[in-house]
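S.K.: One structure, as C-alpha cells, below. Some questions next.
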Amino acid sequence: MLLVVANAGAASTIVAVDASADDDRSFEREPEYRADQLLQPALLSGPSWQIDPAVPMRGYLAQFRLATDYGDLQVEGRAELVERIHEIEVVEQLATISRTTAFATAIGHASKDIAKTMARIGAHPIQTVKSIPGGLIRSLHSKWRDLREQTAKARDRASEEWHEDDNATGIGPQSPTPHVHQSDWWLQSQRTTGKFAKRWIGFTAARREVAQRMGVDPYSRNALLNREMDRIAWASLVGDKSLSAAIDSMAPGASEAIGVSRKVDDVVWRLDPVALGLLQRERMTAVCGEQPMIAKAMHQGALSPTQWQHLVEATEALHIKHCEGLLNLVAQTDTDAEARYLVRTLELLEMHRTAEATVESDEAGRMLIAHIDGVLVVPIPVDVLSWTMPIANLFDDPALRAAKREIWLDGEATMRTQRELTRRGFGLRLDLPRGTRAALPLPEEFAPG
Numbered sequence: 183m184l185l186v187v188a189n190a191g192a193a194s195t196i197v198a199v200d201a202s203a204d205d206d207r208s209f210e211r212e213p214e215y216r217a218d219q220l221l222q223p224a225l226l227s228g229p230s231w232q233i234d235p236a237v238p239m240r241g242y243l244a245q246f247r248l249a250t251d252y253g254d255l256q257v258e259g260r261a262e263l264v265e266r267i268h269e270i271e272v273v274e275q276l277a278t279i280s281r282t283t284a285f286a287t288a289i290g291h292a293s294k295d296i297a298k299t300m301a302r303i304g305a306h307p308i309q310t311v312k313s314i315p316g317g318l319i320r321s322l323h324s325k326w327r328d329l330r331e332q333t334a335k336a337r338d339r340a341s342e343e344w345h346e347d348d349n350a351t352g353i354g355p356q357s358p359t360p361h362v363h364q365s366d367w368w369l370q371s372q373r374t375t376g377k378f379a380k381r382w383i384g385f386t387a388a389r390r391e392v393a394q395r396m397g398v399d400p401y402s403r404n405a406l407l408n409r410e411m412d413r414i415a416w417a418s419l420v421g422d423k424s425l426s427a428a429i430d431s432m433a434p435g436a437s438e439a440i441g442v443s444r445k446v447d448d449v450v451w452r453l454d455p456v457a458l459g460l461l462q463r464e465r466m467t468a469v470c471g472e473q474p475m476i477a478k479a480m481h482q483g484a485l486s487p488t489q490w491q492h493l494v495e496a497t498e499a500l501h502i503k504h505c506e507g508l509l510n511l512v513a514q515t516d517t518d519a520e521a522r523y524l525v526r527t528l529e530l531l532e533m534h535r536t537a538e539a540t541v542e543s544d545e546a547g548r549m550l551i552a553h554i555d556g557v558l559v560v561p562i563p564v565d566v567l568s569w570t571m572p573i574a575n576l577f578d579d580p581a582l583r584a585a586k587r588e589i590w591l592d593g594e595a596t597m598r599t600q601r602e603l604t605r606r607g608f609g610l611r612l613d614l615p616r617g618t619r620a621a622l623p624l625p626e627e628f629a630p631g
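Residue 183 is where the sequence shown starts when you use the working numbering, and the numbers rise one by one after that.
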C-alpha cells in the first residue's frame with residue numbers, strides 16, 4: 183500500500199482492516215475530529231450551508247460533509263473545502279438570479295429546445311452529491327482492480343441521479359475515457375456538427391463568462407454549482423441586457439465570499455476548452471520536449487483544464503528536467519482528489535525551492551518526488567499524516583534511499599509519525615510555511631495527536 187490519491191471508500195476500509203490484522207499496536211488508526219477542531223468558527227456554517235460536526239480522516243485528508251440548501255457535498259480535505267464554500271455562496275447568488283424577471287424573460291425568448299434544456303436542468307434538485315471518500319490511500323493488493331470497478335459503478339449511479347439525459351444539450355457530455363470525468367461538461371463529443379455545434383460553442387463561451395464574473399472555476403466538479411451555471415449560461419445566450427445587469431449586481435457579493443485557495447488564471451476563462459488544451463500542450467512541450475506522454479496524460483488523466491493550467495505553470499516555474507515520471511503519474515489519475523493532490527505536490531515544490539535550484543522530478547511508489555540540488559524531497563500535501571502501515575511501507579521503500587532526504591509537508595503530522603520519520607533519517611521540514619494552514623488557519627488548540 184502506498185501514499186497516492188484515491189477515491190474508494192471500500193479501499194480505505196480494507197486498508198484499516200489489513201493494518202489492524204497484522205498488529206493493532208504497531209500502527210496508528212486515522213483519527214476522527216470535530217469540525218470545530220479543524221476549522222475556525224466562521225467556517226462552520228453560513229446562511230445556506232453547514233459543516234457536519236463529525237469529520238473523520240480517510241487517507242490523511244479530512245472528510246467533510248457540506249450540507250447546503252441546494253444539496254449536500256462530500257469534500258475531501260481542507261484545501262478543497264475553501265473552494266467549495268466559496269462556490270456554494272456563488273450558487274446562492276446564481277439561484278437568486280434565476281428567480282429574477284430578466285431570467286424568466288430570457289426563457290420566454292428562448293427557442294423550444296433551449297427552454298427545454300433549462301427546464302430539465304432545474305426540474306430535479308440534487309438531494310445529495312454522493313462520493314466515496316478515500317483520501318490518499320491506494321492498495322496494491324489484487325483486490326484493488328475489483329474495488330476500483332465497484333467505485334466506478336457507484337460514481338455512475340450517483341451521476342445518474344442528476345443526469346436525466348446524457349444526450350441533452352449542455353448536460354453531462356460523455357468522456358471518451360471511463361474515468362471520473364465521465365460527466366465533465368467540457369468533454370462534449372467532437373462529433374457534434376452544424377447548428378448544434380455552433381450553439382455548444384456559444385454555451386461554453388457564455389458559461390466561462392458567467393464563471394469569470396462570479397469568480398469561480400468554470401471547470402469545477404461541484405455538481406451544485408454546475409447546475410446553476412448551466413441554467414444561467416443557457417439563459418444568457420438569449421437574454422437581454424437586463425439579465426446581464428442582474429448577473430453583475432450579484433457578482434460583487436460573490437467576489438467578497440471566502441477566497442479560493444488557488445487563483446483561476448485569466449486564460450482559463452478566456453479560451454475555449456480546445457484552444458486552452460492546445461496551448462497547454464505547447465507549453466508542456468517547450469519544457470519537456472516532444473514526447474507522446476504529454477498527449478497520453480492529457481487524454482487519460484483526470485485533471486480538469488484548470489488543474490492542467492496549474493500544473494503547466496508549476497512545471498514551467500520549476501524548470502523540471504525529465505518529465506516522464508510526472509506525466510506518467512498524471513496519466514494514472516482517476517479522481518478529482520488524485521488530480522488535486524498531484525497539482526498540490528508541484529505547487530509545494532515551487533513554493534519552497536530556491537530560485538536557482540535544479541529540480542528533477544521522479545516517482546516512487548506512485549508518488550511524485552524530486553531531486554533538488556542533491557536532496558531527495560518528498561512533498562506531501564495532506565491534512566493529518568498518521569503512522570499507518572501504508573506510510574511505514576512507503577518510507578521504507580528502497581526508492582526513497584538517499585544520503586540526504588527531506589519531507590516537505592503542507593499539513594500536520596502526529597508525534598508518532600514525526601518520531602518514526604526522524605528515526606529513519608528523514609528531515610521533516612516543519613519550519614517551512616504551509617500554504618493550506620496560511621489560507622485556512624487551524625484553531626489554536628488543535629493537536630494532531
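Backbone N, C-alpha and C fix where the C-beta goes; we use that ideal spot for every residue, glycine too.
Since the model is a prediction, treat every value here as computed from it, not as a measurement.
For A479 versus V512, is the C-beta distance shorter than 8 Å?
M.R.: The answer is yes: Cβ separation under 8 Å.
S.K.: Threshold first: 4 residues or longer. Then list the alpha helix (DSSP H) segments lying entirely within the stretch 504-528, N to C.
M.R.: With a minimum length of 4 residues, the continuous alpha helix (DSSP H) runs that stay inside the stretch 504-528 are 506-514.
S.K.: Whole angstroms are fine: how far does the CA of D251 sit from the CA of Q482?
M.R.: When rounded, the distance between both Cα atoms is 35 Å.
S.K.: Are there three or more Cβ pairs, one per stretch, closer than 8 Å when the stretch 387-407 is compared with the stretch 468-477?
M.R.: Result no; under three Cβ-Cβ pairs closer than 8 Å.
S.K.: If contact is defined by three or more beta carbon pairs under 8 Å, each pair taking one atom from either stretch, is the stretch 496-511 in contact with the stretch 528-535?
M.R.: As far as the Cβ criterion goes, the stretch 528-535 touches the stretch 496-511, which means the pair count is three or higher.
S.K.: Using a Cβ-Cβ cut-off of 7 Å (strictly less than) and excluding sequence neighbours within five positions of Q222, which residues of its own chain qualify?
M.R.: Taken in chain order, the residues that qualify are P623, P625.
S.K.: Could you check the C-alpha separation between T467 and V557 for me, to the nearest Å?
M.R.: If you take the alpha carbons of T467 and V557, they lie about 27 Å apart.
S.K.: Please report the distance separating the alpha-carbon of G631 from that of T596.
M.R.: Cα-Cα distance, rounded: 5 Å.
S.K.: Taking 8 Å as the limit between beta carbons, can you name the residues of its chain near V541, skipping five residues before and five after?
M.R.: Hits under 8 Å: L500, H501, I502, K503, L531, R535, A552, H553, I554.
S.K.: With V446 as the anchor, note down where its alpha helix (DSSP H) starts and where it stops.
M.R.: Segment: none, V446 is in no alpha helix (DSSP H) and carries neither H nor E.
S.K.: Would you report the Cα separation of K586 and F246, rounded to the nearest angstrom?
M.R.: The straight-line gap from Cα to Cα measures roughly 37 Å.
S.K.: For L591, which residues in the same chain have their Cβ closer than 6 Å to its Cβ, ignoring the five residues on either side in sequence?
M.R.: Same-chain partners within the cutoff: I562.
S.K.: Per DSSP, which one or two residues make a beta bridge with M553?
M.R.: The sequence given here has His at residue 553, not Met. In DSSP, H553 forms a bridge with E542, L558.
S.K.: Spatial neighbours of P238 within its chain, please: CB distance less than 6 Å, with the 5 preceding and 5 following residues excluded, ordered by chain position.
M.R.: Excluding positions up to five away in sequence, the list reads E214, Q245.
S.K.: Apart from the five residues on each side of it in sequence, which residues of its chain come closer than 6 Å, Cβ to Cβ, to E212?
M.R.: The answer, listed in chain order, is M239, S568.
S.K.: In the DSSP output, which residue or residues are listed as bridge partners for W231?
M.R.: G228, T250, per the DSSP bridge assignment.
S.K.: Drop a sphere of 10 angstroms on the beta-carbon of E594, count the other beta-carbons inside from all chains shown, and report buried for 16 or more, exposed for fewer.
M.R.: E594 is buried by the Cβ-count criterion.
S.K.: Assign P490 to one of three DSSP states: helix, strand, or coil.
M.R.: Residue identity check: residue 490 is Trp in the sequence provided, not Pro. Here W490 sits in helix by DSSP.
S.K.: For the putative contact between R395 and D430, defined by C-beta atoms under 8 Å, what is the C-beta separation to the nearest angstrom?
M.R.: Indeed, because the Cβ distance is near 7 Å, the residues count as touching under 8 Å.
S.K.: From G609 to L603, what distance separates their C-alpha atoms?
M.R.: G609 and L603: Cα-Cα distance of roughly 8 Å.
S.K.: Using a Cβ-Cβ cut-off of 6 Å (strictly less than) and excluding sequence neighbours within five positions of W490, which residues of its own chain qualify?
M.R.: Once the five neighbours on either side are set aside, the close Cβ partners of W490 are Q462.
S.K.: Is the beta carbon of T618 sitting closer than 8 Å to the one on R281?
M.R.: The answer is no: Cβ separation not under 8 Å.
S.K.: Starting from the C-beta of L458, find all residues in its chain whose C-beta is less than 6 Å away, skip the five residues before and the five after it, and write them out in chain order.
M.R.: Cβ within range, chain order: P487.
S.K.: Using CA coordinates, which residue listed in E588, R605, V494, T517 is at the minimum distance from D613?
M.R.: Checking every option, the nearest Cα to that of D613 belongs to E588.
S.K.: I need the boundaries of the alpha helix (DSSP H) containing E265, first residue and last residue.
M.R.: Taken as a continuous stretch (DSSP letters only), the alpha helix (DSSP H) holding E265 covers 260-279.
S.K.: Going by DSSP, name the residue or residues bridged to I589.
M.R.: Note: I589 sits in a beta bridge opposite V560, L610.
S.K.: Given a cut-off of 8 Å, decide if Y242 and V566 are closer than it, judged by their beta-carbon atoms.
M.R.: For V566 and Y242, yes; Cβs fall inside 8 Å.
S.K.: Buried or exposed, going by whether 16 or more other CB atoms sit within 10 Å of the CB of S418?
M.R.: The residue in question, S418, is buried, as its Cβ has 16 or more Cβ neighbours within 10 Å.
S.K.: Among P400, C505, L248, H492, which residue has its Cα nearest to the Cα of L453?
M.R.: Here the closest residue by C-alpha is P400.
S.K.: Can you give the Cα-Cα distance for P229 and R403, rounded to whole angstroms?
M.R.: P229 and R403: Cα-Cα distance of roughly 22 Å.
S.K.: Going by other Cβ atoms of all chains shown within 10 Å of its Cβ, with 16 needed for buried, is P572 buried or exposed?
M.R.: Label assigned to P572: buried.
S.K.: What is the residue span of the alpha helix (DSSP H) that P238 lies within?
M.R.: Counting along the chain, P238 falls outside any alpha helix (DSSP H), though it belongs to the beta strand (DSSP E) covering 236-240.
S.K.: With a threshold of 6 Å on Cβ separation, who are the neighbours of G384 within its own chain once the five nearest residues in sequence on each side are excluded?
M.R.: Same-chain partners within the cutoff: L419.
S.K.: Once you ignore the five residues that flank A584 on each side, which residues in its own chain have a CB closer than 6 Å to its CB?
M.R.: Excluding sequence neighbours, A584 sits near L558.
S.K.: With DSSP as the reference, identify every bridge partner of Y401, one or two as the case may be.
M.R.: Y401 pairs with nothing; no bridge assigned.
S.K.: Between L582 and V560, is the Cβ-Cβ spacing less than 8 Å?
M.R.: Yes. Within cutoff.
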